[in-house]
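Here's the structure we're looking at; comments come further down.
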């Protein structure tokens with residue numbers, strides 16, 4: 025008598041993508057994907073395509089012009105000047121956000137309980153102020169008459185004898201505008217740095233104390249290396265703030281050629297000159313610069329940290 | 157094959173009929189519409205307005221329009237600069253941002269060339285257009301594309317009370333006299349900065365310079381858009397005048413960063429004695445702001461802007477108009493709103509309600525008998541024959557870029573960063589370059 029045969033069959037699995045869990049996954053990412061396609065990828069594609077076209081609102085010609093728009097933009101003295109100004113904003117904003125943000129985060133780390141919550145709340149406030157509103161607030165401070173807060177304060181302290189047009193000064197003007205951006209951009213840096221500092225195990229500091237490390241040595245040898253991911257993120261955020269800077273500049277100085285940025289140039293090409301082709305080309309140039317900076321930061325600054 | 161398989165044929169047919177009807181129907185309107193009539197032929201329609209705050213009439217006044225026409229009005233009032241961008245964004249994407257929009261004189265050529273403005277010739281009566289002062293600034297390719305509702309030109313406002321305190325009995329008529337008088341006002345301690353003049357890099361700095369050149373009998377740009385200021389000699393002399401005034405401390409040093417409103421306030425606040433290039437409505441004693449100013453009770457004069465050798469060129473029109481987007485579906489109802497806005501009674505009521513200076517000549521004449529407005533309105537009426545467009549033939553499509561260059565040039569000259577001669581040479585070269593790029 026032969027033993028009964030046992031049939032072994034492989035379980036039937038749905039094809040990849042048809043499993044209920046897969047469908048749920050697609051469903052969950054669908055809203056975000058649709059938003060990204062509609063608000064990021066599609067406009068990007070339109071901008072890149074339009075940058076190779078003659079695209080003026082005052083005529084119907086949409087012919088392909090190759091790299092002509094890029095050549096026009098890059099050889100335009102206004103755009104070149106805006107690029108230099110943007111570079112200045114970039115340096116000041118990056119250094120400002122990095123140094124002040126890290127300094128405030130280190131200070132906050134020394135506080136405990138209600139004091140830390142209160143201080144953090146106050147520090148975060150400027151982050152909630154939109155760029156245009158921030159520009160208006162600062163304009164009251166820099167107003168070049170006696171009504172300006174800075175002029176009236178310095179006059180009453182006998183620091184200045186007559187009212188000054190602060191924002192019209194060749195170097196100080198752009199510097200002050202950059203500082204208004206630092207004021208609004210630093211809180212995010214503080215939050216990122218504080219979170220990163222809180223994530224560093226305390227026993228690392230305790231062990232270093234046993235080895236006789238001073239607080240400065242602890243900062244340079246423990247905190248700073250372990251903050252590299254946070255530094256990269258904060259610097260990248262500062263770079264996008266500088267390259268995309270428009271509202272504060274527009275509110276504080278209008279279309280002053282010595283203060284406009286690359287982002288303001290895009291606006292002027294498109295909305296003042298009605299030349300969307302040049303506007304698209306300037307936007308693509310700005311996007312490429314931002315991407316290059318992001319890649320550099322990720323390669324040179326960012327490091328995976330494991331504890 | 158792409159087809160309509162699976163869709164009921166009746167649905168396809170109904171959709172096609174509906175789309176065809178929508179396509180061929182065009183803008184909604186009445187068959188018996190009469191241009192210029194303010195009646196109930198379009199009752200039940202609702203129109204939208206996109207206008208700056210000073211053109212957003214109070215609800216009580218708008219209720220009068222609705223009562224007379226049965227047309228409802230939704231007003232969106234935003235700041236002047238944002239209107240331009242909003243119109244551009246909507247029109248570039250094939251939408252009418254509203255049925256009635258603000259149209260500044262500087263936007264006419266760009267909006268006209270883009271085909272965004274509905275011709276008004278068949279929507280308004282020829283008499284309405286003729287009655288509106290400065291309507292010729294809103295003609296593009298021979299068609300009326302906007303109707304001015306706010307009379308804006310430039311004269312000089314002089315505070316004669318302050319002049320007399322400094323021993324000056326007459327207002328100045330030449331640039332040299334302006335400088336002399338201002339020095340006397342400053343020396344007498346009547347005014348630290350007697351001349352109110354904006355010098356920030358904005359359109360408000362460019363227009364006073366156009367006015368100075370016009371007052372001296374010249375043009376800034378000729379009919380072909382060429383830099384006339386470089387060949388008539390007035391570019392250099394007018395810029396030198398500004399430099400002299402600024403260098404002598406006769407203009408507030410902070411003027412390089414002041415807005416037009418802040419410069420207005422220097423005059424209204426009594427710190428300046430002469431506002432060289434002033435909007436006639438700057439002093440509106442029907443307005444609460446002026447009533448509360450420091451110059452109430454002062455003797456004021458509104459005179460032609462001084463020229464190099466007296467005013468020989470009249471004044472410039474800087475008006476604002478209402479226009480109808482070509483894509484508006486309610487063009488007739490929108491035109492009826494324009495007709496109502498231009499009605500003398502509406503304009504008088506709006507002006508007395510802190511609104512703009514009327515453009516209808518009958519409204520101005522009526523206001524000139526009003527005790528509160530008599531002096532100003534009589535001056536305004538005297539100006540009317542000399543009001544001409546800033547640029548003969550209208551602003552070129554590249555005007556706004558040119559204007560920004562002008563403002564930057566004026567500021568650089570005022571600060572002494574460049575001489576008037578070099579500034580004019582550079583500006584002329586830049587103007588030609590901008591024009592060549594645009595063409």
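Chains as they are written, first to last, in the working numbering: chain A, 25 to 331; chain B, 157 to 595. All C-beta atoms, glycine included, are put in the ideal place defined by N, C-alpha and C.
Exposed or buried, residue 367/B, counting other C-beta atoms within 10 Å across all chains shown (16 or more means buried)?
-> Locating residue 367/B in the second chain gives position 211, counting from the first residue. Buried: at least 16 other Cβ atoms inside 10 Å.
Residues of the segment 369-392 of chain B whose Cβ lies closer than 8 Å to any Cβ of chain A, in chain order | none
Beta-carbon proximity of residue 251/B to residue 275/B, cut-off 7 Å = What you label residue 251/B is simply residue 95 of the second chain in a count that begins at 1. What you label residue 275/B is simply residue 119 of the second chain in a count that begins at 1. Against a cut-off of 7 Å, the Cβ pair of residue 275/B and residue 251/B comes out as no contact.
Closest Cβ-Cβ distance between residue 203/B and chain A: below 7 Å?
-> Translated into positions along the second chain, residue 203/B becomes position 47. With 7 Å as the cut-off, residue 203/B does not count as an interface residue toward chain A.
Tell me where the alpha helix (DSSP H) around residue 306/B begins and ends.
-> Reading the second chain from its first residue, position 150 is the one you call residue 306/B. That residue, residue 306/B, is in no alpha helix (DSSP H); its beta strand (DSSP E) goes 303-306.
Using a Cβ cut-off of 7 Å, pull out every chain C residue sitting near residue 269/B, in sequence order please.
-> This model lacks chain C altogether, as its protein chains are A and B.
4-residue-minimum alpha helix (DSSP H) runs that sit fully inside the segment 265-324 of chain B, ordered along the chain | 282-287 and 316-321
Pair every Cβ in the segment 484-500 of chain B with every Cβ in the segment 462-474 of chain B, then say whether three or more of these pairs are closer than 8 Å.
-> no
Output the distance between the C-alpha atoms of residue 225/A and residue 241/A, rounded to the nearest integer angstrom.
-> Numbered from 1 along the first chain, position 201 holds the residue referred to as residue 225/A. Numbered from 1 along the first chain, position 217 holds the residue referred to as residue 241/A. Those two C-alpha atoms are separated by around 16 Å.
Close beta carbons around residue 124/B, own chain, < 6 Å, minus the five adjacent residues each side = Since the first residue shown for chain B is 157 and the last is 595, residue 124/B is missing from the structure and cannot be characterised.
Is the segment 195-203 of chain B touching the segment 226-235 of chain B, taking contact as three or more C-beta pairs under 8 Å?
-> yes
Comparing the C-beta of residue 187/A with each C-beta of chain B, is any distance below 7 Å?
-> Position 163 of the first chain, counted from the first residue, corresponds to residue 187/A. Chain B contact via Cβ: present.
Does DSSP put residue 428/B in a helix, a strand or coil?
-> For the purposes of this step, residue 428/B is identified with residue 272 of the second chain, where counting begins at 1. Correct three-state label for residue 428/B: coil.
Could you name the residues of chain A that residue 508/B contacts, counting a contact when the two beta carbons are closer than 7 Å?
-> Here residue 508/B is taken as the residue at index 352 of the second chain, counted from 1. The premise fails here: residue 508/B is roughly 30 Å from chain A at the closest Cβ pair, so nothing lies under 7 Å.
Cβ of residue 217/A within 7 Å of Cβ of residue 125/A?
-> Residue 217/A sits at position 193 when you count from the first residue of the first chain. Residue 125/A sits at position 101 when you count from the first residue of the first chain. It is a contact, given that the beta carbons lie within the stated cut-off.
Using a Cβ-Cβ cut-off of 7 Å, state whether residue 196/A counts as contacting chain B.
-> The residue you call residue 196/A lines up with position 172 of the first chain. Closer than 7 Å: no.
Closest by C-alpha distance to residue 412/B, when choosing among 214/A, 187/A, 295/A and 297/A | As a first step, residue 412/B is located in the second chain; it is residue number 256 there, counting from the start. Measuring from the Cα of residue 412/B, the nearest candidate turns out to be 187/A.
Within the 7 Å Cβ cut-off, does residue 191/A reach chain B?
-> By 1-based counting over the first chain, the position of residue 191/A is 167. By this cut-off, residue 191/A is an interface position.
Evaluate residue 179/B with the Cβ neighbour count: other Cβ atoms within 10 Å of its Cβ, from every protein chain shown; 16 or more gives buried, anything less gives exposed.
-> On the second chain, position 23 is the one that residue 179/B refers to. Confidence is the limiting factor: at residue 179/B the pLDDT is only 41, short of 50, which leaves the residue's position unreliable, though a coordinate-based value still follows. It counts as exposed.
Check the Cβ-Cβ distances between residue 244/B and every residue of chain A, and say whether any is below 7 Å.
-> For the purposes of this step, residue 244/B is taken as residue 88 along the second chain, with counting starting at 1. So, interface residue.
Contact set for residue 614/B: own chain, Cβ-Cβ below 8 Å, skip 5 residues either direction = Given that chain B is displayed from residue 157 to residue 595, the structure contains no residue 614/B and the question cannot be resolved.
Selected residue, minimal CA-CA separation from residue 452/B, among 459/B, 501/B and 426/B = Looking up residue 452/B in the second chain gives position 296. The residue with the shortest Cα to Cα distance from residue 452/B is 426/B.
Residue 358/B versus chain A: which residues are under 7 Å apart at the beta carbon?
-> For the purposes of this step, residue 358/B is identified with residue 202 of the second chain, where counting begins at 1. What residue 358/B touches in chain A: 278.
Flag residue 582/B as yes if its beta-carbon sits less than 7 Å from any beta-carbon of chain A, otherwise no.
-> By 1-based counting over the second chain, the position of residue 582/B is 426. No, because no Cβ of chain A sits closer than 7 Å to the Cβ of residue 582/B.
Collapsed DSSP secondary structure at residue 458/B in the structure displayed | Position 302 of the second chain, counted from the start, is the residue given in the question as residue 458/B. Residue state, collapsed to three classes: strand.
The segment 114-123 of chain A touching the segment 292-309 of chain A, judged by at least three CB pairs closer than 8 Å = no
C-alpha distance - residue 261/A paired with residue 250/A, whole-angstrom precision = Taking the first chain and counting its residues from 1, the one referred to as residue 261/A is at position 237. Taking the first chain and counting its residues from 1, the one referred to as residue 250/A is at position 226. Cα to Cα, residue 261/A sits roughly 19 Å from residue 250/A.
Can you tell me the Cβ-Cβ gap for residue 331/B and residue 397/B, rounded? I've got them flagged as a contact below 8 Å.
-> Walking along the second chain from the start, residue 331/B turns up at place 175. Walking along the second chain from the start, residue 397/B turns up at place 241. Confirmed, about 4 Å.
Can you tell me the Cα-Cα spacing of residue 56/A and residue 66/A, whole angstroms?
-> Within the first chain, the letter at position 32 stands for residue 56/A. Within the first chain, the letter at position 42 stands for residue 66/A. Taking the straight line from one Cα to the other gives about 14 Å.
Taking contact to mean at least 3 C-beta pairs separated by less than 8 Å, is the segment 170-182 of chain A in contact with the segment 331-348 of chain B?
-> no
Closer than 9 Å at the beta carbon, the chain A residues around residue 416/B | Stepping through the second chain from its first residue, residue 416/B is reached at position 260. Within chain A, no residue comes near residue 416/B; the closest Cβ sits about 12 Å away, beyond 9 Å.
Cβ shell of residue 408/B (< 6 Å), same chain only, five flanking positions each side left out = Residue mapping note: residue 408/B aligns to position 252 of the second chain, counting from 1. Closer than 6 Å at Cβ, skipping near neighbours: 349.
Determine whether the Cβ of residue 420/B lies closer than 7 Å to any Cβ atom of chain A.
-> Within the second chain, the letter at position 264 stands for residue 420/B. No, no contact with chain A.
What is the rounded straight-line gap between the Cα of residue 257/B and the Cα of residue 248/A?
-> Stepping through the second chain from its first residue, residue 257/B is reached at position 101. Stepping through the first chain from its first residue, residue 248/A is reached at position 224. Answer to the nearest angstrom: the Cα atoms are 57 Å apart.
Min CB distance residue 564/B to chain A below 7 Å | The sequence position of residue 564/B within the second chain is 408, counting from 1. Residue 564/B counts as touching chain A.
Excluding the five sequence neighbours on either side, which residues of its own chain have a C-beta within less than 6 Å of the C-beta of residue 437/B, listed in chain order?
-> Residue 437/B sits at position 281 when you count from the first residue of the second chain. Only 513 meet the Cβ criterion.
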